[in-house]
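S.K.:
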Amino acid sequence: MRSIDAARERPAPRHFRGMSLAGELVQGDFDRTTLILAIKEDCLGCRSVLESPADAFGDVATLVVAARASTEPWWGATSHQLVVSDLLLQQLDVRWPPFYVLIDPVAERVVTEGVVFAPEQVREEIAPYLM
Numbered sequence: 186m187r188s189i190d191a192a193r194e195r196p197a198p199r200h201f202r203g204m205s206l207a208g209e210l211v212q213g214d215f216d217r218t219t220l221i222l223a224i225k226e227d228c229l230g231c232r233s234v235l236e237s238p239a240d241a242f243g244d245v246a247t248l249v250v251a252a253r254a255s256t257e258p259w260w261g262a263t264s265h266q267l268v269v270s271d272l273l274l275q276q277l278d279v280r281w282p283p284f285y286v287l288i289d290p291v292a293e294r295v296v297t298e299g300v301v302f303a304p305e306q307v308r309e310e311i312a313p314y315l316m
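Heads up, the sequence shown is in this note's numbering, so the first residue is 186 and it goes up one at a time.
1) Quick check: what's the CA-CA separation for V279 versus V307?
2) Do you know offhand how far G203's Cα is from Q212's?
3) In whole angstroms, what separates the C-alpha of Y314 from that of D227?
4) What's the gap between the Cα of K225 and the Cα of A246?
5) In this structure, how does DSSP classify G243 when only helix, strand and coil are distinguished?
6) Nearest-angstrom Cα distance between Q276 and T263?
7) By how many angstroms is the C-alpha of E310 removed from the C-alpha of R193?
8) Along the alpha helix (DSSP H) that carries E309, what are the first and last residues, could you check?
9) Between which two residues does the alpha helix (DSSP H) holding D271 run?
10) When you compare each of R187, A223, E209, L272 to V286 by their alpha carbons, which one comes out closest?
11) Kindly list the residues whose CB is nearer than 6 angstroms to the CB of Q266, restricted to its own chain and excluding five residues on each side of it in sequence; keep chain order.
12) Is V250 helix, strand or coil when you go by DSSP?
13) If we cut at 7 angstroms on Cβ distances, does E236 have a partner in chain D?
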């Protein structure tokens with residue numbers, strides 16, 4: 186059983202741009218398979234994502250994205266790169282965080298997606314796409 190039946194076919198951006206929690210510009214390129222974890226402010230369920238170790242999702246680059254920042258202390262203590270970017274969520278067509286998308290930058294496509302319940306569940310769901 187998966188958190189979503191099948192990924193919606195759609196393109197993935199090659200670049201991202203947003204703000205850090207400190208209000209600094211953050212931008213970069215997607216140059217390898219990347220797991221993007223969309224979270225939202227005031228979401229206790231998102232806490233497990235933010236508090237998870239850097240390798241919690243397997244051997245994959247991770248980027249945590251939110252439309253708005255939160256003042257909850259675990260947001261600032263995360264070991265994952267976190268960017269506040271409503272634009273990136275729109276480009277990925279992520280409407281209801283907590284949600285994840287796995288992107289392939291070479292094909293510029295969303296490979297798979299699903300609802301985030303826990304880091305272990307996401308790791309299990311994306312593992313077949315990382316081989």
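We put the beta carbon where it would ideally sit given N, CA and C, even for glycine. Given the structure is predicted, the values throughout are model-derived calculations rather than measurements.
M.R.: Reading it off the structure:
1) 16 angstroms
2) 6 angstroms
3) 31 angstroms
4) 20 angstroms
5) coil
6) 24 angstroms
7) 15 angstroms
8) 304 to 311
9) 271 to 276
10) A223
11) L248
12) strand
13) Here chain D cannot be found, since the structure has a single protein chain.
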